[in-house]
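Chemist: This is the structure, below, for whatever I ask next.
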Amino acid sequence: MAKVTVSLDAELVVEVMVLAGVGTPQDAVELVVRDYIARGHRTEALVADREGAVRDVEIKPEAQQG
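Note that UniProt numbering gives residue 24 to position 24 of the sequence shown, counting from 1, and the numbers run on in steps of one.
Here it is as structure tokens:
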């Protein structure tokens with residue numbers, strides 16, 4: 001896989017390292033990016049499930065009032 005080099009604020013990276021509980025900046029940033037991607041996939045799946053459920057609902061005509 002291709003590698004990319006990114007410059008980030010050191011305080012930001014240290015905070016991510018502490019929150020993620022990892023010892024290297026590379027691992028911390030990689031965890032954050034992987035989590036962000038996974039969260040996006042979960043959101044897409046939830047939206048697809050909800051849209052599918054809406055399509056599956058049978059629309060019943062209202063009873064005529066007389």
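Virtual Cβ for every residue (Gly too), placed ideally from N, Cα, C. Predicted model, so just to flag it, every value in this text is computed and none were measured.
1. Residue range of the alpha helix (DSSP H) that residue 62 falls in?
2. So what does DSSP say about residue 2, is it helix, strand or coil?
3. Compute the distance between the beta-carbons of residue 10 and residue 17, then report whether it is under 8 Å.
4. Given this structure, state the Cα-to-Cα distance separating residue 8 from residue 62, to the nearest angstrom.
5. Pull up the distance between the alpha-carbon of residue 43 and that of residue 1, whole angstroms please.
Modeler: According to the data block:
1. Where residue 62 is concerned, there is no enclosing alpha helix (DSSP H), given that its DSSP letter is neither H nor E.
2. coil
3. no
4. 59 Å
5. 26 Å
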